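Each protein sequence line maps, in turn, to chains A and B. In this text, residue positions in the first sequence follow the working numbering: the first is 83, and each later residue adds one. In this text, residue positions in the second sequence follow the working numbering: the first is 31, and each later residue adds one. A virtual CB, placed ideally from N, CA and C, is assigned to each residue, including glycine. Just so it is clear, the structure is predicted and the values come from calculations on it, not from any experiment.
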Amino acid sequence: MSVIEVKNLTKYYKKVLGIEDVSFSVEQGEIFGFLGPNGAGKTTTIRLLMDLLRPDHGAISLFGTQIKRNQVFYKEKIGYLPGDFLPYGEMPGVKFLKYMAKYRTRPPELRQTLLDKLNFTSRELSQKIKHLSHGTRQKLGIIFALEHNPDLAILDEPTSGLDPLVQEAFYEILWDFQKGGKTIFLSSHILPEVEKVCHRVAIIRDGKIVALEEIEKLKQKRPRRLIVTLKNKIENPPLLPEARLLECIENRYSYFVEGNISELLQSLIKLPIEDIVFPEPNLEDIFLDYYSGSEN
Amino acid sequence: MINRNYIYNVFREHLSFLIFAFILVALFQILMVTLVVEADILNIAQIFFSKFPPQVQQFLGEEFIAQFSVNGAVAFGYNHLIVLIFLTIIAIMLPAKHIAGEIESGTLELICSLPIKRLNLTFSLWIVTAFVLIIVVIGGWLGTIIGMLIYQQISNFPSTQLFQIGFNLWLLMLTINSYTFLISSYSREGNRVTLRAAGITLFFFFLNYTAKLWIDVSFLKHFTIFNYYQPQTLMLGQPIFVKNIVVLSLLMLVFLIIAFRKFNLRDIPG
């Protein structure tokens, strides 16, 4: 069953494009990544899903029901973490959680587990939120979004400001959620994060979805990187067929391989090569390819 | 239709200011009664009044002298700048802070992601504002009663007029509150809303005085909300109460309906 189904969603801010003709669906039990740089339209899409923004065109279905303006019944099943998590600064963390929990009918059954997993101390919890560090505030946001054990978690750049240890703990929480049949929609511009936790990913650029694939398939489809180290530095970087030069540091040249590899290898033989490496494709490469696509 | 959790939170946030305003307005009304009873201000005022040129005496009229009686002082107390400013602060502050201000700070985005309808939010906020404003008005009533009890003037207690003045003042403030709601529902910056609403209120206030002082533009008085709140005239028993209530209620309703509708349709943040 599709937990999220978005069809031809379009949003303009007056005349400025937010997103255009965005369509995708997210299945139950899936961790879905929404990847794009700042300003690509990730937050706009998420706010449309949450009925915070009003679409100019298109439809959103959540849990199999088309969402109409100002319907709130489905929000009970959702945990939402905004990109800029800015809670009431004057409230202590514990008061904030208690206050927000009163708006929901679902009890905060996972609060203690999340506090423990994210290593949230009772001292931090009793401090006024404005005195907490960015990372600690973000942890509070994660607890706020997930404590009522939602069926769908919509998280806008959730690991922003978290240290690597807490990030790992957060990924564990996500996997536990997913194992319990819950669905996670996660936006990020951190590629290894999406690569690590998501099953599928949509890449958004300039308000439009440019790719929607399973992570593994995406890796296979997209160009691979080639790093060639020559014995000596040469004046002009060697131009290789079926490859696009990415960068050149001293006698080391990085390429995107875009086509037939045998033709490329034949050209390489002619060069004074010291070393050749074909690194494993990662989303960083895919990302770069998508974002440099328009320039080429 | 209302959300008790939200109401409680907003009310608790402004409780200390509410207590301060309540005590201040009550004390101010006691002071008004004290001044008239203790200082024989009526006699002083009549001597002072007789020195004015005839045109000025005509302009000030009987309202001026009437307010130096105990009842007149009470009415004057409800039209004094201190009372009006404190109530206006409450009327403007709540929607400016909790709608535009919270859009600006990002907290409204969190609240709106929870299972609560926007209409419930705005209506709950209006309920808190109306409640807080009536509490301060009750503070004024209480001050008047205490003042009259202290100075044994309670046998002349103008209960009907006092109720009318208080109710009229409450509606005036709710009207100011309603156009602040309206401005807020179009904005995303609390400070800007406060400035605009305060500017409009000041404009209405000075328009009222200009229309009163300058006979050629007296027709303008119909276009200021302060024309529909005249405590001294109400205290004299003139039948303006119903007209005032109808005009202010209609204005308030129109502003609120547009504001609630706009807030329902708007982007957060927008």
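Spatial neighbours of B/Ile230 in its own chain (CB-CB distance under 7 Å, excluding positions within 5 residues in sequence) are listed in chain order as Tyr209. Counting of Cβ neighbours within 10 angstroms places A/Arg205 among the exposed residues, the total staying below 16. Counting along the chain, no beta strand (DSSP E) covers A/Ile255; the unbroken alpha helix (DSSP H) around it starts and ends at 246-261.
Remark: C-beta atoms of B/Ile213 and B/Phe234 do not approach each other more closely than 7 Å. Non-local beta-carbon contacts of A/Gln110 in its own chain, meaning distances under 6 Å to residues more than five positions away in sequence, involve Met83, Val85, Thr265 in chain order. Proximity of chain A to B/Glu139 at the Cβ level (cut-off 7 Å) is accounted for by Leu134, Pro164, in chain order. Within the segment 140-153 of chain B, contact with chain A at the beta-carbon level (separation under 8 Å) is assigned to Leu140, Ile141, Cys142, Ser143, Leu144, Pro145, Ile146, Lys147, Arg148, Leu149. Between A/Gly146 and A/Lys97, the alpha-carbon positions lie close to 32 Å from each other.
DSSP places A/Ser336 within a strand segment (E or B) once states are collapsed to three. Burial state of A/Leu144 is buried, judged by a 10 Å Cβ sphere holding 16 or more other Cβ atoms. Taking C-beta atoms as the reference points, A/Cys280 and A/Ile101 fail to come closer than 7 Å.
Here DSSP, grouped into helix, strand and coil, assigns A/Asp103 to strand. Here A/Ala325 is buried, its C-beta having at least 16 other C-beta atoms within 10 Å.
Taking 7 Å as the cut-off, the Cβ atoms of B/Gly107 and A/Asp166 do not count as close. Here the C-alpha atom of A/Glu356 lies approximately 51 Å from the C-alpha atom of A/Asn90. In this structure the segment 156-172 of chain A touches the segment 216-226 of chain A; the number of beta carbon pairs closer than 8 Å is three or more. Taking each of A/His216, A/Ala122, A/Gly118 in turn and checking the Cα distance to A/Gly289, the smallest one comes out for A/Ala122. B/Phe197 carries a helical assignment under DSSP once its states are collapsed to helix, strand and coil. DSSP places A/Cys280 outside both helix and strand once states are collapsed to three, so it counts as coil.
Between the segment 151-161 of chain A and the segment 226-237 of chain A there are three or more C-beta pairs closer than 8 Å, enough to call the two in contact.
Counting C-beta pairs closer than 8 Å gives fewer than three between the segment 38-51 of chain B and the segment 344-358 of chain A, which falls short of the contact rule. Within its own chain, the residues whose Cβ lies closer than 7 Å to the Cβ of B/Leu172, once the five positions on either side in sequence are excluded, are Ala56, listed in chain order. In the three-state DSSP reduction, A/Asp198 falls in the helix class (H, G or I). In the three-state DSSP reduction, A/Asn90 falls in the strand class (E or B). Residues of the segment 193-210 of chain B with a Cβ closer than 8 Å to any Cβ of chain A: none. Beta-bridge analysis with DSSP links B/His252 to no other residue. Close to A/Glu158, with beta-carbon spacing below 9 Å, are these residues of chain B in chain order: Leu144, Pro145. Counting every other CB atom within 10 Å of its CB across the protein chains shown gives B/Gln260 a total of 16 or more, marking it as buried. Against chain A, a Cβ distance below 8 Å from B/Asn39 picks out Tyr181. Within chain A, Arg136 have C-beta atoms less than 7 Å from the C-beta of B/Leu295, given in sequence order.
Taking CB atoms only, B/Ser99 has no neighbour in chain A less than 7 Å away. In the DSSP assignment, A/Glu206 falls outside any beta strand (DSSP E) and lies within the alpha helix (DSSP H) extending over 204-208. Taking a Cβ-Cβ cut-off of 9 Å, the neighbours of B/Gly136 in chain A comprise Pro164, Asp166, Phe167, Leu168, Pro169, given in sequence order. Bridge pairing for A/Asp238: A/Ser269 [DSSP]. In the structure shown, the three-state DSSP call for B/Ile298 is coil.
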